Amino acid sequence: MTCFVSITALAQESIIGDIDNDLLAKYIALAKQNFPRVKAFHAREDRAKYMANAASMGWFDIINVGYYYYPNSSSKGVGGNVSPGGQIVTNGFMVGVSANIGALLSRPSTVKAAKAEVKSAKAETEEYDITLASDVRAKYYDYLSSKKQLAIRNLAAQSLKGIQADAQQKYERGEIAIDAYTTAKNSATEADAQALTAEVTYLKAKDALEGVIGAKLESIK
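In terms of the working numbering, the sequence shown has 58 at position 58, counting the first letter as 1, and numbering is strictly consecutive.
Structure follows, in structure tokens:
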């Protein structure tokens, strides 16, 4: 009975003392660096910035400058004179400038929309950084909890194996009934099964944490 009380006491231990805030900060930083979806958010933000810069430079697209060459169209009136027939005759290059009024009027809205897209992309990136940090914390706490549970289950299994061995010796000496020995044996078997389940839970929690930070826990100090 004393053994069961000590196991219960162990099960009530807190994981708060096991939390390493410096290590947790490293996990969060690694997640922001390695997690694929974070890269997608940063790529969208970079694209929005590029589009905003392109929209700002687009003012030059509104104005078209052209160079035109006019050869002599008559043997008379060279240099832009008027020919006897009244035809204006030019000789050489001319520069023409034109502006797209529609594009000129819509350009401010285009630039404003592009800058708004940059702000939106940046806000979404910051929001996901917060979400990702919370996810890392949750997975870290699950990992610590599963690690503690595994230690408790292993201790319980070892203790119940000792009880089973003692019960077996007493049963063989005729000191206890078979029911008492069977109970001890079943308790030991159940404890082994619970230890295996706790081990699987621990491995899953460890894999989940490593998956989000993109690195093995053993490699992070």
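Backbone N, C-alpha and C fix where the C-beta goes; we use that ideal spot for every residue, glycine too. Because the structure is a prediction, the values reported are computed rather than measured.
In chain order, what residues of the same chain lie with their CB nearer than 6 angstroms to the CB of residue i, ignoring the 5 residues before and after it?
i, result
"Arg153", "Gln194, Ala195, Ala198"
"Lys185", "Gln164"
Helix, strand or coil, according to DSSP, for residue i in the structure here?
i, result
"Gly211", "helix"
"Val82", "For Val82, the predicted model reports a pLDDT of 48, less than 50, meaning its position is unreliable; a value from the coordinates is still stated below. Note: Val82 maps to strand in three-state DSSP."
"Arg37", "helix"
"Glu127", "helix"
"Ser14", "coil"
"Lys206", "helix"
"Lys161", "helix"
"Arg44", "helix"
Would residue i be called buried (16 or more neighbouring beta carbons within 10 Å of its own) or exposed?
i, result
"Glu210", "buried"
"Gln33", "exposed"
"Glu45", "buried"
"Ala31", "buried"
"Leu150", "buried"
"Ile28", "buried"
"Ile220", "exposed"
"Ser14", "exposed"
"Tyr50", "exposed"
So, for residue i: in the same chain, excluding its five sequence neighbours on each side, which residues have a beta-carbon less than 8 angstroms away from its beta-carbon?
i, result
"Phe157", "Residue identity differs from the one stated: residue 157 is Ala in this sequence, not Phe. If we look at Ala157 and ignore the five residues flanking it on each side, its Cβ neighbours are Ala188, Ala191, Asp192, Gln194, Ala195."
"Asp142", "Ala205, Ala208, Leu209"
"Lys139", "Ala205, Ala208, Leu209, Val212"
"Ile178", "Tyr171"
Please report the residue range of the alpha helix (DSSP H) in which residue i lies.
i, result
"Leu24", "21-34"
With hydrogens ignored, establish whether the beta-carbon of residue i is closer than 7 angstroms to any heavy atom of the ligand ADP.
i, result
"Gln149", "Inclusion of the ligand ADP in the displayed structure is not the case, the ligand content being empty and no account of it being possible."
Return the chain-ordered list of same chain residues with a C-beta closer than 7 angstroms to the C-beta of residue i, the five sequence neighbours on each side being excluded.
i, result
"Asp135", "Val212"
"Ile176", "Ala167, Lys170"
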